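If you read the protein sequences in the order shown, they are chains A and B. The letter at position 48 of the first sequence is residue 48 when you use UniProt numbering, and the numbering goes up by one with no holes. The letter at position 19 of the second sequence is residue 19 when you use UniProt numbering, and the numbering goes up by one with no holes.
There are 2 protein chains.
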Amino acid sequence: MDSKDKRNFEKGEHVETRNAIIKTAHDLFMEYGYRSVSTRQIADLCGLTQPALYHHFTNKKELYIEVIRETIFKTQTAVQRILKRPQSLRERLQQYAYYMMLNHHEDLNQMFHDIEHQLDAASQAQIYQWWMNGYLMPVVAVFEEAAKEGKLQNQYRFGATPIDAAHFLLSLIKSSMEPSKFLKDSSKSRQEAAEEKSHMIVDVLLYGLS
Amino acid sequence: MDSKDKRNFEKGEHVETRNAIIKTAHDLFMEYGYRSVSTRQIADLCGLTQPALYHHFTNKKELYIEVIRETIFKTQTAVQRILKRPQSLRERLQQYAYYMMLNHHEDLNQMFHDIEHQLDAASQAQIYQWWMNGYLMPVVAVFEEAAKEGKLQNQYRFGATPIDAAHFLLSLIKSSMEPSKFLKDSSKSRQEAAEEKSHMIVDVLLYGLS
DNA sequence: CCTACCGATCGGTAGG
DNA sequence: CCTACCGATCGGTAGG
Numbered sequence: 001m002d003s004k005d006k007r008n009f010e011k012g013e014h015v016e017t018r019n020a021i022i023k024t025a026h027d028l029f030m031e032y033g034y035r036s037v038s039t040r041q042i043a044d045l046c047g048l049t050q051p052a053l054y055h056h057f058t059n060k061k062e063l064y065i066e067v068i069r070e071t072i073f074k075t076q077t078a079v080q081r082i083l084k085r086p087q088s089l090r091e092r093l094q095q096y097a098y099y100m101m102l103n104h105h106e107d108l109n110q111m112f113h114d115i116e117h118q119l120d121a122a123s124q125a126q127i128y129q130w131w132m133n134g135y136l137m138p139v140v141a142v143f144e145e146a147a148k149e150g151k152l153q154n155q156y157r158f159g160a161t162p163i164d165a166a167h168f169l170l171s172l173i174k175s176s177m178e179p180s181k182f183l184k185d186s187s188k189s190r191q192e193a194a195e196e197k198s199h200m201i202v203d204v205l206l207y208g209l210s
Numbered sequence: 001m002d003s004k005d006k007r008n009f010e011k012g013e014h015v016e017t018r019n020a021i022i023k024t025a026h027d028l029f030m031e032y033g034y035r036s037v038s039t040r041q042i043a044d045l046c047g048l049t050q051p052a053l054y055h056h057f058t059n060k061k062e063l064y065i066e067v068i069r070e071t072i073f074k075t076q077t078a079v080q081r082i083l084k085r086p087q088s089l090r091e092r093l094q095q096y097a098y099y100m101m102l103n104h105h106e107d108l109n110q111m112f113h114d115i116e117h118q119l120d121a122a123s124q125a126q127i128y129q130w131w132m133n134g135y136l137m138p139v140v141a142v143f144e145e146a147a148k149e150g151k152l153q154n155q156y157r158f159g160a161t162p163i164d165a166a167h168f169l170l171s172l173i174k175s176s177m178e179p180s181k182f183l184k185d186s187s188k189s190r191q192e193a194a195e196e197k198s199h200m201i202v203d204v205l206l207y208g209l210s
């Protein structure tokens, strides 16, 4: 190969290394939290020395922010596709909940806590902007559409806006993703459990318990 | 004072110091998380040197477990009193949600994450036992009672048990306690906001959005 | 309850 | 991308 091909090849390796770092950092940060994960842990799992990380990212916080950015944008793409399907409100919300349960783990609570306590105000504002566009607004739009079609007539009786509704749904999804320490139900696969839970959550939210 | 009085006095001071440590540690642990809080921070805020903490607690983890134990037991007492009042299901749940919103902050998610990742399995099991008795079962009992009286007829249609219902309620309460980064509503006091949110949550849970 | 101090680990830098 | 290393901070101990 000539020098041009060699450069491209090396650049490709550089990008692959960067992606490996982001994936490893994602898994560790989301499970253990920002402070509990050391740059040496990340580097070791990628087969690198710790100072090598600083060739790809200026510091630990920049790496963390990049992890969050990629996570939010990937989710946004998938979620918008699901919520635009020509199906009923109930079916779309169920599929949305199912997707979130399978593809996110218990990471959202941890992520928000870290953002609030480990990042500066400017980074927080930027991430909340990404979060609103990627996670919240697609769901809000679905509830607004349903409200216009008169399918959420109780909205004003309870004082619950479409934004509240989206928060409720995300809250129920988050709690369903927590490792259920109380009822270990190992008889079902992850997919089966997520499908069952997604149906239950949406039905409770739409129709109530009583 | 004779020597006996002096001993009692000194023992009283010892207890007061211990309580001050627990209160300070509670506030710091719940806000920033177990790993992010150093024993020196706790000691400084109590007017002590860091090694002095080890006169009251064998190590950082023992202190953390004691913080959790006292928190759960105090909540258990208050919650049981509220849920035994001779009022409707809706009213009792509203008052329960209101109490939790005012007296707990955003600490529960942080607490559970720390328990899972920073403590050994034996400590986890002990704390989950406390949690079930103190937090979950009183709410489960209320839903079971309502189910027997036929007030939750949709229970089997959705597959939602009283335990699920209690988890849903706690989940909605937890998310309502999160600092709402999205809708800063500083026009209302904490009490007013908690009252409004507790009503909204219980109504959505009982009657649904549509 | 203090002073003095320990080994371990952290995020990050220098220099190649 | 490596070796070598820095100052800061951590939880915990010794000894009084």
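Cβ atoms here follow ideal geometry from the backbone N, Cα and C, with glycine treated the same way. The structure presented is a predicted model; accordingly, all values stated were derived computationally and were not measured.
Each residue's CA atom was taken as its position, placing TYR32 of chain B and HIS117 of chain A some 7 Å apart. In the structure shown, GLN87 of chain B falls within a coil segment according to DSSP collapsed to helix, strand and coil. The DSSP assignment places 107-118, 121-131, 137-148, 155-158 as complete runs of the alpha helix (DSSP H) inside the segment 92-169 of chain A, in order along the chain (cut-off: 4 residues).
Here MET200 of chain A is not near LEU108 of chain A, since their CB atoms are 9 Å or more apart.
If you draw a 10 Å sphere on the C-beta of VAL15 of chain B, you find fewer than 16 other C-beta atoms in it, and that means exposed. Collapsing the DSSP output to three states places ASN59 of chain B in coil. The Cβ atoms of GLN126 of chain B and PHE29 of chain B lie no closer than 9 Å to each other. Contact residues of the segment 80-106 of chain B toward chain A are absent (C-beta to C-beta distance below 7 Å). Assignment of LEU206 of chain A by DSSP, reduced to helix, strand and coil, places it in the helix class. For LEU48 of chain A, not one C-beta of chain B is nearer than 9 Å to its own C-beta. Judged by beta-carbon spacing, HIS104 of chain B lies beyond the 9 Å limit of THR58 of chain B, meaning their Cβ atoms are not closer than that value. Judged by DSSP in its simplified three-state form, LYS188 of chain B adopts coil rather than helix or strand.
Here GLU144 of chain B has PRO162 as same chain residues with Cβ atoms under 8 Å from its own Cβ, once five neighbours each way along the sequence are excluded. Taking 9 Å as the CB threshold, ALA160 of chain B lines the interface with chain A. LEU170 of chain A is a Cβ neighbour of SER175 of chain B, given a cutoff of 9 Å.
At a cut-off of 9 Å between beta-carbon atoms, ASP120 of chain A makes no contact with chain B.
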